[in-house]
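Trainee:
Residue numbers (this note's numbering): 67 to 184.
1) Compare the C-alpha of residue 136 against each of 81, 153 and 163 and name the closest.
2) Could you give the DSSP three-state label for residue 125: helix, strand or coil?
3) Apply the 10 Å Cβ neighbour rule to residue 110 and answer buried if 16 or more other Cβ atoms are within range, or exposed otherwise.
4) Assuming residue 110 is part of the alpha helix (DSSP H), what are its boundary residues?
5) I need the DSSP call for residue 91, collapsed to helix, strand or coil.
6) Label residue 172 either buried or exposed according to how many other C-beta atoms from any shown protein chain fall within 10 Å of its C-beta, with 16 as the threshold for buried.
7) Compare the Cα-Cα distances from residue 146 to each of 93, 165 and 119 and report the closest residue.
8) Taking residue 123 as the reference, which of 88, 166 and 143 has the closest Cα?
9) Can you give me the C-alpha to C-alpha distance between residue 93 and residue 130, rounded to a whole angstrom?
10) Between the C-alpha atoms of residue 165 and residue 175, what's the straight-line distance to the nearest angstrom?
11) Report the option in 76, 117, 105 and 161 whose CA atom is closest to the CA atom of residue 95.
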């Protein structure tokens, strides 16, 4: 399959996953997002982490949520950093650590939003 065709399939599946999620069909959305996670798209990684975090379409799994949030953060997803900070603040799957939560949030405020398009 050519790169252009692969991109079209990816965007189709991503849009379908978003639609399923918005319709409340979390199980099917989760399956699609998980399938797409190998593409390392930051928005997809964030959604997989978020769905593990809140048990949408899967069991709550804080460890997996953290893994996917961290992968999304490496790819500049600001939302993932906020949700990981929340996990540290609340002690969800990690030792409660408000200082780490603050550092994560502070790091978001230091990011040049214009660099996110790189």
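All C-beta atoms, glycine included, are put in the ideal place defined by N, C-alpha and C.
Mentor: In short:
1) Against the chain shown, residue 136 aligns to sequence position 70. Considering only alpha carbons, the answer is 153.
2) One-based indexing of the chain shown puts residue 125 at position 59. It is coil, neither helix nor strand.
3) Along the chain shown, read from residue 1 onward, the residue named residue 110 stands at position 44. Buried, because 16 or more other Cβ atoms sit within 10 Å of the Cβ of residue 110.
4) Translated into the one-based positions of the chain shown, residue 110 becomes position 44. Run containing residue 110: 108-120, per the alpha helix (DSSP H) assignment.
5) Numbered from its first residue, the chain shown carries residue 91 at position 25. Correct three-state label for residue 91: coil.
6) Along the chain shown, read from residue 1 onward, the residue named residue 172 stands at position 106. Its Cβ having fewer than 16 others within 10 Å, residue 172 is exposed.
7) Within the chain shown, the letter at position 80 stands for residue 146. The residue with the shortest Cα to Cα distance from residue 146 is 119.
8) Your numbering for residue 123 matches position 57 in the chain shown. Ranking 88, 166 and 143 by Cα distance to residue 123 puts 88 first.
9) For the purposes of this step, residue 93 is taken as residue 27 along the chain shown, with counting starting at 1. For the purposes of this step, residue 130 is taken as residue 64 along the chain shown, with counting starting at 1. Spanning the two alpha carbons is a distance of roughly 16 Å.
10) As a position in the chain shown, residue 165 is number 99, starting the count at 1. As a position in the chain shown, residue 175 is number 109, starting the count at 1. Going from the Cα of residue 165 to the Cα of residue 175 covers about 15 Å.
11) Counted from its first residue, the chain shown places residue 95 at position 29. Of the listed residues, the one whose Cα sits closest to residue 95 is 117.
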